[in-house]
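The structure appears right after this line, and notes come after that.
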Amino acid sequence: MASSPQPPPGAPVGPTPSFGGRNPRTVRLIVIVVALIVIVSVATVVYIATRPTNCRLSSTDPLIFDQPEQPDTLDPQVTFSTPGWAITQQVYQTLVMYNGSSYQEFLPVLAKSWTESADHFNLTFTLRTGIHFSNGDPFNAYVMWYSLNRAMVMNQAPQFILGQNFNYPHVNASSTSDEINASAATLTTELNTFDFRNPTVSQLAAMKDTWQSFQVIDDKTIQLNMGYGYLGDTVAYTYILATLAAPIAAGVDPFVITANGGTNDSTNDWMSTNLLGTGPYKLASYNPSTGFVLQKDPNYWGAAAAAAEPWNNILQPAKSDIQTNFQGDPAKTTTDLKSGAVAGASFAYAGPSTVNDLKNSACVSVTKLSEVYSSTAGAWWIYMNQNHEPFNNQSFRAAVAHAINYEQINATAFGGNSVRWVGPVPPGYPFYNPDSLPAYSYNLTLARQFLRNSSWPTGYLIPVKYAYINLGDWAEVSLIIKSNLAQINLTLDLVPITLDNLYQEQARDSTTGVCTTETTANGGPFYMGQEFYTSDYISPDDWTQNNAISYGSANDCMSAFNDPNVDAWVLQAAGESNPAVARQLYRDITRTMYDNYTNVWLLSPNQFSVSSPLLLGVIPNPMGSALPFTMSFNTEYALKP
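For the working numbering, count along the sequence shown from 1 and bump the result up by 61.
Okay, structure coming up:
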């Protein structure tokens with residue numbers, strides 16, 4: 062997931078996260094490059110009819126899972142990694158949540174219902190009655206006001222998810238820094254001193270003030286007012302419900318937080334290592350070195366509501382306890398799956414041989430998932446910096462795009478388990494490649510024709526440093542690319558970097574404004590290299606604000622593509638409620654970048670479901686990407702052999 066996109070130069074904005082631009086969410090767990098992840102989507106009846114009789118699970122309650130890395134934090138309003146999102150979504154709840162794999166539909170959770178104003182700028186949520194945290198503390202509209210404002214005040218990596226539409230009270234995107242700081246200071250005091258059970262008259266007046274993003278109507282109603290964030294007040298964000306399904310928008314307990322360090326513009330140590338929410342699970346134990354155990358909450362508030370809404374999967378009480386082991390050895394994870402030691406698992410990376418090995422195991426089910434799962438996990442491209450030779454020449458960029466053997470990359474590195482794509486919107490998402498433009502072809506004749514029309518008709522004689530992420534098969538991919546581009550006399554100097562290095566490369570020096578890519582940091586300068594993005598929430602603009610808009614973190618210092626029309630289209634599309642108009646905007650964005658040869662759109666690795674055939678009740682969540690990173694464990698249980 063990502064931190065906030067950079068605002069246009071000179072534009073006054075509200076609070077922005079401490080990380081510079083949008084970076085991929087999977088900061089710690091590199092699910093983005095996997096050729097295999099774990100999730101189950103086969104109907105129960107199929108399992109019952111086809112399960113092997115000799116398959117066993119070491120435990121059916123708790124269900125046991127392997128995952129390769131620990132969460133970055135347990136605070137839902139701070140976590141910015143896939144493991145962090147996974148565990149917090151088991152314990153904390155949001156107003157709404159994705160309806161399983163129906164990622165454009167949303168289920169009511171803390172909210173019972175909601176309405177939208179005619180101009181789309183205001184969402185009014187009516188909360189359910191009887192909600193309480195697992196310790197008995199009450200949940201109400203005052204607590205929701207606290208929770209959303211806490212996320213803003215803490216100003217951590219995922220804050221942009223709310224910050225694009227919301228802000229502190231009495232400020233907006235045009236406010237001065239002094240006004241913003243004053244509002245933040247006042248709000249911080251309120252969060253640490255208000256009584257969120259029985260607020261005083263003055264406290265209630267502050268929460269009911271109409272000039273703010275999060276406005277209490279009464280103890281069971283809260284109104285969210287858009288137009289105060291960095292997107293400005295000209296667009297009402299179309300995908301607002303998707304942002305409200307992210308952990309940063311979860312309801313948290315103000316009484317516990319205030320008693321354990323309170324709220325300010327930094328992290329909270331207690332919240333970083335504890336979980337206490339309104340969801341169907343309680344945290345039984347957590348060891349950052351070995352794993353965690355979640356227990357069913359016997360006093361879960363949602364049992365009655367769930368019985369009345371059996372179709373609402375996310376609301377249901379938990380069926381099984383959960384034990385998750387941090388297992389960094391993929392060979393051990395594979396053995397655990399085959400033997401039934403675990404019901405499911407996730408891999409930081411698994412190549413074609415592992416996929417085929419698991420497919421041949423009688424007690425492991427493997428199924429390829431749809432494109433949207435590949436896209437939420439990550440799609441990859443090659444950037445070419447248009448501010449520097451030789452990539453400041455469009456014909457040369459075109460020559461590069463047509464000199465790469467994409468099928469060789471797919472076959473060699475991914476065993477055929479990846480898909481080509483045409484950006485900037487990823488496959489499976491709304492408004493992906495509206496004109497169905499063909500992916501750039503491997504055509505050396507065409508590549509050399511473009512080369513002859515460039516400023517370097519016989520090739521570029523100075524070696525170009527190429528940054529690639531030193532993970533899995535990407536080293537092999539970089540060798541293929543180097544060999545391919547040698548055919549048009551472009552010599553690459555391959556330099557491996559880490560993901561943290563990549564985030565550094567995306568940034569500008571806070572004093573000089575110089576891009577790290579233009580310096581010698583990490584072995585640079587890098588005017589060409591490997592880029593990717595993973596989703597923070599499922600919407601096309603989550604990507605275009607990253608890789609199409611001129612100040613997006615995967616564009617600004619990387620591709621350096623700057624088209625004022627595209628910038629305007631991206632922002633307009635983010636708030637466009639008319640599908641026909643939105644389609645035209647994304648058509649224009651895609652076509653412009655396609656003709657410009659802005660990036661070499663590479664591949665999006667396929668994602669696979671892998672688990673024991675005895676594991677039932679799994680409802681996939683494309684934002685969760687993989688077991689044990691499903692939307693929620695609450696519906697899962699094991700069929701006893």
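Beta carbons: idealized from backbone N, C-alpha and C, even for Gly.
Around the C-beta of Glu592, 16 or more other C-beta atoms lie within 10 Å, and the residue is accordingly described as buried. The beta carbons of Pro308 and Tyr529 sit no closer together than 8 angstroms. The Cβ-Cβ distance between Thr155 and Leu355 does not fall below 8 angstroms. Fewer than three pairs of CB atoms, one per stretch, sit closer than 8 angstroms, so the stretch 635-647 makes no contact with the stretch 321-340. For Ser479, the beta-bridge partners assigned by DSSP are Pro666. Here DSSP, grouped into helix, strand and coil, assigns Thr176 to strand. Relative to Phe387, the option among Thr396, Pro413, Asn348 whose CA is nearest is Asn348. Every beta strand (DSSP E) of 3 residues or more that sits fully in the stretch 256-316 is shown, in chain order, as 275-279, 282-286.
Between Tyr521 and Val556, the beta carbon gap of about 17 angstroms keeps them out of contact (Cβ cut-off 8 angstroms). Between Gly489 and Trp662, the beta carbon gap of about 15 angstroms keeps them out of contact (Cβ cut-off 8 angstroms). Residues Asn550 of the same chain have their beta carbon placed closer than 7 angstroms to that of Thr519, with the five preceding and five following residues left out of the count.
Your pair Thr351 and Gln284 does not check out as a contact, with CB atoms roughly 44 angstroms apart and the cut at 8 angstroms.
Pairing Val416 with Phe669 gives a Cβ-Cβ distance under 8 angstroms. A residue is called buried when at least 16 other Cβ atoms come within 10 angstroms of its Cβ; Asn286 meets this threshold and is buried. For the pair Val525 and Met589, the CB atoms are nearer than the 8 angstroms cut-off. Boundaries for Gln565: no beta strand (DSSP E) harbours it, while the alpha helix (DSSP H) harbouring it runs 560-566, taken from the DSSP string.
Looking at Tyr564, Gln165, Lys281, Phe227, the one whose alpha-carbon comes closest to that of Trp175 is Lys281. No Cβ-Cβ contact shorter than 8 angstroms links Ala423 with Pro487. By the 16-neighbour rule on beta-carbons within 10 angstroms, Pro169 is buried.
Straight-line spacing of the CA atoms in His231 and Ile241 works out to 9 angstroms. Non-local beta-carbon contacts of Ile470 in its own chain, meaning distances under 6 angstroms to residues more than five positions away in sequence, involve Val538, Ile541 in chain order. In this structure, the beta-carbon distance from Leu252 to Thr324 falls below 8 angstroms. The beta-carbon distance between Ile599 and Ala218, rounded to whole angstroms, is 19 angstroms. This is too long to meet the 8 angstroms contact definition.
In the DSSP assignment, Asn160 forms a beta bridge with Ser163. In this model, Pro495 and Thr651 are separated by some 8 angstroms (Cα to Cα). Going by DSSP, Gly352 is part of the beta strand (DSSP E) stretching over 352-357.
Measuring C-alpha to C-alpha distances from Asn196 to each of Leu563, Ser426, Asn233, Pro315 identifies Pro315 as the nearest. If only complete runs of 3 or more residues are kept, the stretch 411-450 shows the beta strand (DSSP E) at 426-429, 440-445, in order along the chain. In this structure, DSSP gives Ile599 a state outside helix and strand, which the three-state scheme calls coil. Of all C-beta pairs linking the stretch 431-447 to the stretch 613-628, three or more are shorter than 8 angstroms, placing the two stretches in contact. Around the CB of Arg189, 16 or more other CB atoms lie within 10 Å, so the residue is classed as buried.
Under the three-state reduction of DSSP, Pro137 is assigned to coil, being neither helix nor strand. Taking C-beta separations shorter than 6 angstroms and ignoring five residues to either side along the sequence, the partners of Asp136 in its chain run Met332, Ser333, following chain order. Residue pairing from DSSP places Lys526 in a beta bridge opposite Asp554. According to the DSSP secondary-structure assignment, Ser672 is paired through a beta bridge with Gly405, Ser426. Beyond the five residues adjoining it in sequence on each side, Asp294 comes within less than 6 angstroms, by CB distance, of Gly288 in the same chain, given in chain order.
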